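Chemist:
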Amino acid sequence: MKPNRNTAMMLLSALSLLPLPAAYVLHMNAREYGAFADLFAPDAVVHDEGHEHHGPAAIRAWIEEAHQKYQPMFEPNSYKEEDSGCVCVITGMVSGNFDGSPIELKHRLTILDGKIVGLRITV
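Positions -22 to -1, 1 to 101 (mature numbering (1 follows the signal peptide of the UniProt record, and there is no 0)) are the ones given, in order, by the sequence shown.
1. Grab me the residues of Val101's own chain with a C-beta within less than 8 angstroms of its C-beta, minus the 5 sequence neighbours each way, in chain order.
2. Just checking my contact of Pro54 with Gly74 at CB under 8 angstroms: how many whole Å lie between their CB atoms?
3. Using a Cβ-Cβ cut-off of 6 angstroms (strictly less than) and excluding sequence neighbours within five positions of Cys66, which residues of its own chain qualify?
4. Measure from the alpha carbon of Ala39 to the alpha carbon of each residue in Ala8, Tyr2 and Ala15, then state which is nearest.
5. What are the boundary residues of the beta strand (DSSP E) that Phe14 is part of?
6. List the endpoints of the continuous alpha helix (DSSP H) containing Asn7.
7. If you run the structure through DSSP and keep just helix, strand and coil, what is Asp21?
8. In terms of DSSP beta bridges, what is His29 paired with?
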């Protein structure tokens, strides 16, 4: 099930997300895998569930597999910037088809030159 894009945009605006973090949440929830992967730098690394995924192609495969397996939906409820805006942390509830759903997770994005170079998802 795809979320309502207007509702998602209102939520992201309310959190005052910068364009790149807002696009991250929007493309992830809308299951726009190509657009999601395009947000990442060629040498980007994602750390999630004890695994690393390197580069946009692997990141796209990871997010597609996660969505097929768990049908997650990320509902951000807080946002903060660190390191002069080079790092942002988006915290929110993730619900889906997995044990313990919903769960609050932190998505820590490291941004350089307009691309995500690092993503770490933690409890």
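Beta carbons are placed, not taken as given, at the ideal position from N, Cα and C, and that holds for glycine.
A quick note: this is a predicted structure, and the numbers were derived from the prediction, not measured.
Modeler: Straight from the coordinates:
1. Contacts found: Ile81, Glu82, Leu83 and Lys84.
2. Going by Cβ atoms, the distance from Pro54 to Gly74 rounds to 15 angstroms, so no, they are not a contact pair.
3. Contacts found: Pro(-2), Glu59 and Leu87.
4. It is Ala15.
5. Premise fails: Phe14 lies in the alpha helix (DSSP H), Tyr11 to Asp16, not in any beta strand (DSSP E).
6. Per DSSP, the unbroken alpha helix (DSSP H) holding Asn7 starts and ends at Pro(-4) to Asn7.
7. Residue state, collapsed to three classes: strand.
8. Its beta-bridge partners are Asp26.
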